[in-house]
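Everything in the sequence shown is counted per this note's numbering, starting at 34 for the first residue and increasing by one. Even for Gly, the Cβ is constructed at its ideal location relative to N, Cα and C. It should be emphasised that the depicted structure is a prediction, and the values quoted were computed from it without experimental measurement. A quick write-up on the structure given underneath.
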Amino acid sequence: MKKEKDFRDRLEPFTELYTEMYSNIRKRLEAMTEDELSQILKDAHMPSMTNCGWTTSEAAKIVRDIAPYVAGIDALPQAINSTEQPSVAVAEE
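What follows is the structure, encoded as structure tokens:
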């Protein structure tokens, strides 16, 4: 058990940084208008390993994780499958 605690202790500073980044991305998504959120949901599915840098691809993964919760779960399939700008209701807290 001692070894497990050691690795968690060593990783803790990075865990804190990741948590802060994730929170900042969520706040940015929550501040978006419905149209902006609809577009970013579509945009987050565009990056691939061959059409952008790795940081864009990784950021898109995080946006794909968070945006459905901000927009409401039902908004995700509509945003992905639509060629038009879907209308999404932003969830209020």
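How far does the alpha helix (DSSP H) with residue i in it extend, from its first residue to its last?
i: A93; result: W87 to A104
i: S71; result: E67 to D76
So, using beta-carbon positions, are residue i and residue j closer together than 8 Å?
i: V103; j: L70; result: yes
i: P80; j: S90; result: yes
What residues in its chain sit with their C-beta under 6 Å from that of residue i, if we drop five residues either side in the sequence?
i: E126; result: Per-residue confidence for E126 stands at a pLDDT of 44, beneath the threshold of 50, marking its modelled position as unreliable; the derived number appears in the next sentence. Hits under 6 Å: none found.
i: P46; result: none
Skipping 5 residues on each side, what residues in its chain have a beta carbon closer than 7 Å to that of residue i?
i: A93; result: A77 and P80
i: I58; result: I95, V96 and I99
Would residue i be called buried (16 or more neighbouring beta carbons within 10 Å of its own) or exposed?
i: L50; result: exposed
Just to confirm my understanding: we take residue i, look at its own chain, exclude 5 residues before and 5 after, and list those with CB closer than 8 Å. What are they?
i: I24; result: Lying outside 34 to 126, the shown extent of the chain, residue 24 is not represented and no answer is given.
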